[in-house]
Amino acid sequence: MSTTVGKKVKVRFAPSPTGDLHVGNIRTALFDWAYARHTGGSFLFRIEDTDTTRVTDEYINAAIDTLKWLGLNWDEGPEVGGENGPYLQSQRLDIYTHWAAKFIEQKDAYYCYCTPAELEAVREAQRASNQAPGYNGHCRDLTADQIAEYKAEGRGAVVRMRMPDGGTTFTDLIRGEMAFDHKFVPDFVLARADGSPLYTLAVAVDDVLMKVTHILRGEDLLSSTPRQIRVYQAMGLKEEDYPVFAHLPFVMGADNAKLSKRNGEVSIAWYRDKGFLPEAICNYLALLGWSPGDDREDLTMKELCELFTVEKVNSSPAKFDMKKLEAINGDKIRALTIDQFLDWALPFLIKAKTITGTPDEIDLVKRALPIIQERIIMFSEIPAMLAFLFVKDFAIESESVAKVTDSGAKEVLKRSLKELEPISDWTHTAIEAALRSSLIDEMGLKPRIAFTALRIATTGGTISPPLFESMELLGKEAALARISAALTL
RNA sequence: GGCCCCGUCGUCUAGCGGCCUAGGACUCUGGCUUCUCAAGUCAGCUACGAGGGUUCGAAUCCCUUCGGGGCUACCA
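Number 181 in this note's numbering belongs to position 152 of the first sequence; there are no gaps in the numbering.
What follows is the structure in structure tokens.
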């Protein structure tokens with residue numbers, strides 16, 4: 030099992046960007062990265078874009094961007110280069126062609142002239158008779174005459190790998206000893222009729238050529254492992270040099286189906302727009318299918334690297350839980366310093382057009398942030414929460430108007446105006462002291478009653494940051510103007 | 001259908017034969033705190049899928065069964 034002792038660990042993340050990177054991809058990338066960092070090995074990033082009809086440049090760039098944003102830096106791959114490049118499979122086509130030809134030459138593979146319709150008919154028959162479906166070996170040992178005949182018919186040929194009798198065994202770091210009988214691993218296609226390589230060829234060739242030592246990937250690839258190992262053998266790799274496999278459990282959607290676009294917000298870009306911190310996303314994702322073994326849950330990226338081992342990865346699938354992600358994000362936000370918080374918050378305020386970004390605005394935002402830091406779970410909530418400080422034409426939300434126009438409220442507002450006007454040091458402590466002594470002590474009102482009208486008048490609604498701090502931030506002039514305005518309703 | 005993987009609170013997990021009348025976190029419920037909303041804090045609800053074994057003793061080992069998932073492409 031420990032065939033790689035003494036060898037420097039190299040882990041790769043090799044997505045096929047057929048869409049935005051999603052939660053499942055990223056969980057895999059995170060484990061790959063954390064394992065590389067934990068072992069002091071290197072992290073390789075490769076793009077599997079052999080299926081050019083499904084992968085686009087846009088998605089490739091987005092994938093690079095997402096990984097960078099999350100802080101999952103790679104040592105080899107797009108942008109940073111490396112001695113085993115290029116790292117886009119679409120730029121390595123001749124390499125795969127070379128190996129496919131070599132396999133043919135070695136008789137490990139053969140040309141298969143069966144048409145898709147013929148193959149489908151075979152599968153249909155197998156299924157009908159409860160047989161294991163798979164290629165029936167029709168073209169395994171064609172004679173020269175038969176080949177000539179097929180060519181004359183104008184048939185194209187795929188390159189198909191010959192699976193020998195017997196079986197494949199390997200050790201999965203997460204699932205233990207795995208054994209596959211080749212009766213259920215039919216000969217498989219390495220290259221299309223047009224010569225382009227398929228995943229199974231490209232992935233195995235690249236992992237070998239790029240000297241990958243550990244393959245941590247989704248469990249959907251578990252049953253394709255014997256085919257990959259077959260390619261290693263055909264390449265002449267010794268068994269002790271095979272990469273070690275670890276098949277990660279799935280991340281499932283709430284509806285218990287494999288996470289996909291259809292059952293939830295899975296694109297990392299969405300979380301970024303919503304205002305989740307990369308560290309919160311990574312922290313949460315790390316807990317999906319893994320735990321440090323004790324009760325620790327709040328982890329920094331550094332701690333994650335220190336604690337992460339494949340042995341502690343679970344073998345059962347995990348369901349994605351947005352609530353927990355939100356809880357972690359809230360905790361991480363509360364742990365931010367004000368300057369860090371400001372850096373994260375500003376783009377959201379500007380994007381929402383709450384502010385334009387003038388120094389005065391930024392200064393006010395910075396003063397306001399402490400009172401909302403413990404009230405948000407994601408940055409996208411900030412604009413709505415601070416809007417009352419910046420709106421040009423302030424208005425009370427319609428459903429709250431009635432609460433400032435009844436006689437009791439008007440009384441509170443009038444009295445407050447009178448108490449507030451003389452205050453020269455406009456601080457929340459001074460405001461609170463004046464209001465409490467007057468409204469609570471003298472008028473005998475319940476705090477909740479007394480301050481609701483003021484809250485609505487100054488912030489526009491029944492829910493707001495703390496009242497006195499909000500009034501302080503608003504400034505004396507604006508606060509009094511709003512209270513006066515409410516009195517005219 | 002065939003092959004394969006998986007199965008502890010609603011969710012993520014701890015547990016690797018006795019420390020388990022099963023621990024933690026999130027959610028939920030209730031209390032405290034309180035100028036609203038939060039945050040904080042205290043308490044509570046809730047789990048070893050089922051059935052057989054093995055054993056003095058099983059969540060932990062074995063078998064069966066049921067359930068969930070994956071693969072079964074000239075997708076990855």
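Don't be surprised by glycine CBs; every beta carbon is placed ideally from N, CA and C.
Note the first and the last residue of the continuous alpha helix (DSSP H) segment covering residue i.
{"i": "Lys439", "result": "436 to 449"}
{"i": "Arg256", "result": "254 to 263"}
{"i": "Val84", "result": "Val84 -> no alpha helix (DSSP H), and no H or E assigned at all."}
{"i": "Glu355", "result": "351 to 363"}
{"i": "Cys334", "result": "330 to 336"}
{"i": "Gly205", "result": "Taken as a continuous stretch (DSSP letters only), Gly205 belongs to no alpha helix (DSSP H), being part of the beta strand (DSSP E) at 205 to 210."}
{"i": "Ala397", "result": "388 to 401"}
{"i": "Leu496", "result": "496 to 503"}
{"i": "Ala374", "result": "367 to 380"}
{"i": "Ala146", "result": "145 to 157"}
Could you say which of the options lies nearest to residue i if we only look at CA atoms?
{"i": "Ile400", "options": "Thr387, Asn165, Ser345, Met414", "result": "Met414"}
{"i": "Asp59", "options": "Thr82, Glu77, Lys97", "result": "Note that residue 59 corresponds to Leu in the displayed sequence, not to Asp. The residue with the shortest Cα to Cα distance from Leu59 is Lys97."}
{"i": "Asp249", "options": "Ala231, Ser345, Gly322", "result": "Ser345"}
{"i": "Ile391", "options": "Val232, Glu410, Ile367", "result": "Ile367"}
{"i": "Arg404", "options": "Pro494, Pro107, Ser253", "result": "Pro494"}
{"i": "Glu410", "options": "Lys303, Ala438, Trp103", "result": "Lys303"}
{"i": "Asp372", "options": "Met500, Thr383, Val394", "result": "Val394"}
{"i": "Asp104", "options": "Glu178, Trp62, Asp86, Ala129", "result": "Trp62"}
{"i": "Thr458", "options": "Phe42, Ala482, Ser499", "result": "Ser499"}
{"i": "Thr456", "options": "Leu73, Glu501, Glu108, Ala154", "result": "Glu501"}
{"i": "Pro451", "options": "Glu134, Asp235, Leu509, Val342", "result": "Leu509"}
{"i": "Asp470", "options": "Glu335, Gly166, Val441", "result": "Val441"}
{"i": "Ala222", "options": "Asn343, Phe480, Thr144, Leu496", "result": "Thr144"}
{"i": "Phe497", "options": "Val52, Leu449, Lys36", "result": "Leu449"}
{"i": "Phe423", "options": "Ile485, Ile379, Gly247, Thr434", "result": "Ile485"}
{"i": "Tyr88", "options": "Ala65, Gly53, Asp49", "result": "Asp49"}
{"i": "Arg184", "options": "Leu398, Cys168, Ala364, Lys439", "result": "Cys168"}
{"i": "Ile384", "options": "Leu365, Val420, Leu398, Glu268", "result": "Val420"}
{"i": "Phe209", "options": "Gly196, Tyr271, Ala177, Gly111", "result": "Gly196"}
{"i": "His211", "options": "Asp235, Pro255, Leu171", "result": "Pro255"}
{"i": "Ala479", "options": "Ser453, Asp454, Gly437", "result": "Gly437"}
{"i": "Glu206", "options": "Val273, Phe72, Arg66", "result": "Val273"}
{"i": "Asn54", "options": "Gly247, Phe337, Ala515, Thr434", "result": "Gly247"}
{"i": "Asn102", "options": "Lys475, Val84, Arg83, Arg66", "result": "Arg66"}
{"i": "Glu340", "options": "Ser253, Leu245, Lys353", "result": "Leu245"}
{"i": "Ala446", "options": "Leu474, Leu483, Thr198, Asp454", "result": "In the sequence as displayed, the identity of residue 446 is Leu instead of Ala. The shortest C-alpha separation from Leu446 is found at Leu483."}
{"i": "Leu202", "options": "Asp324, Tyr142, Thr338", "result": "Thr338"}
{"i": "Phe349", "options": "Leu314, Thr387, Asn343", "result": "Leu314"}
{"i": "Cys28", "options": "Arg56, Val52, Tyr64", "result": "What the structure shows of the chain is the stretch from 30 to 518, and residue 28 is not part of that stretch, so it cannot be assessed."}
Just to confirm my understanding: we take residue i, look at its own chain, exclude 5 residues before and 5 after, and list those with CB closer than 7 Å. What are they?
{"i": "Val430", "result": "Leu518"}
{"i": "Ala358", "result": "Per the sequence shown, the amino acid found at residue 358 is Asn instead of Ala. The residues are Phe305, Leu306, Ala309, Ile406, Met407."}
{"i": "Ala233", "result": "Gln257, Val260, Tyr261"}
{"i": "Val237", "result": "Tyr261, Met264, Leu266"}
{"i": "Ala130", "result": "none"}
{"i": "Leu251", "result": "His276"}
In terms of residue numbering, what span does the beta strand (DSSP E) encompassing residue i cover?
{"i": "Asp174", "result": "First-last for Asp174: 173 to 181, but that is the alpha helix (DSSP H), not the beta strand (DSSP E)."}
{"i": "Met190", "result": "187 to 190"}
{"i": "Arg41", "result": "39 to 42"}
{"i": "Gly247", "result": "243 to 247"}
{"i": "Ala138", "result": "138 to 141"}
{"i": "Val218", "result": "217 to 220"}
{"i": "Thr198", "result": "196 to 201"}
{"i": "Leu73", "result": "71 to 74"}
Can you list, in chain order, the residues of its chain whose CB lies under 6 Å from that of residue i, leaving out five sequence neighbours each side?
{"i": "Met351", "result": "none"}
{"i": "Ala231", "result": "Thr79, Gln118, Tyr125"}
{"i": "Ala42", "result": "It is Phe, not Ala, that sits at residue 42 in the sequence shown. Contacts found: Ala58, Asp61, Phe74."}
{"i": "Lys37", "result": "Gly70"}
Assuming the contact rule is C-beta atoms closer than 8 Å, residue i and residue j should be a hit. Round their C-beta distance to whole Å, please.
{"i": "Lys39", "j": "Thr229", "result": "Incorrect: roughly 21 Å between the Cβ atoms, too far for contact."}
{"i": "Leu537", "j": "Pro278", "result": "As displayed, the chain neither begins before 30 nor continues past 518, which places residue 537 out of reach and without an answer."}
{"i": "Met472", "j": "Arg511", "result": "Incorrect: roughly 21 Å between the Cβ atoms, too far for contact."}
{"i": "Ile425", "j": "Gly489", "result": "5 Å"}
For residue i, collect the residues of the same chain with a Cβ closer than 8 Å to its Cβ; drop the 5 residues on either side in sequence, then sort them by chain order.
{"i": "Lys361", "result": "Leu306, Glu308, Ala309, Asn312"}
{"i": "Ala356", "result": "Ile406"}
Taking 8 Å as the line, does the beta carbon of residue i fall inside it for any heavy atom of the ligand FMN?
{"i": "Ile124", "result": "Absence of the ligand FMN is noted for the structure shown, with no ligands found whatsoever."}
- Query: Is the number of C-beta pairs between the stretch 452 to 464 and the stretch 415 to 425 that are closer than 8 Å three or more?
  - Reply: no
- Message: If contact is defined by three or more beta carbon pairs under 8 Å, each pair taking one atom from either stretch, is the stretch 212 to 227 in contact with the stretch 129 to 148?
- Response: The stretch 129 to 148 makes contact with the stretch 212 to 227, as at least three CB pairs between them are under 8 Å.
- Query: Is there contact between the stretch 150 to 168 and the stretch 198 to 215, where contact requires at least three CB pairs shorter than 8 Å?
  - Reply: Contact holds: three or more Cβ-Cβ distances are below 8 Å.
- Message: Count Cβ pairs between the stretch 73 to 92 and the stretch 106 to 123 that sit closer than 8 Å; are there 3 or more?
- Response: Here the stretch 73 to 92 lies against the stretch 106 to 123, with 3 or more beta-carbon pairs under 8 Å apart.
- Message: Can you confirm whether the stretch 81 to 99 touches the stretch 295 to 302 when touching is taken to mean that 3 or more C-beta pairs between the two stretches lie within less than 8 Å?
- Response: yes
- Query: Is the stretch 79 to 90 touching the stretch 314 to 333 in the sense that three or more CB pairs, one from each, lie closer than 8 Å?
  - Reply: Under the 8 Å Cβ criterion, the stretch 314 to 333 does not count as touching the stretch 79 to 90, having fewer than three qualifying pairs.
- Three CB pairs or more closer than 8 Å across the stretch 187 to 197 and the stretch 252 to 259: yes
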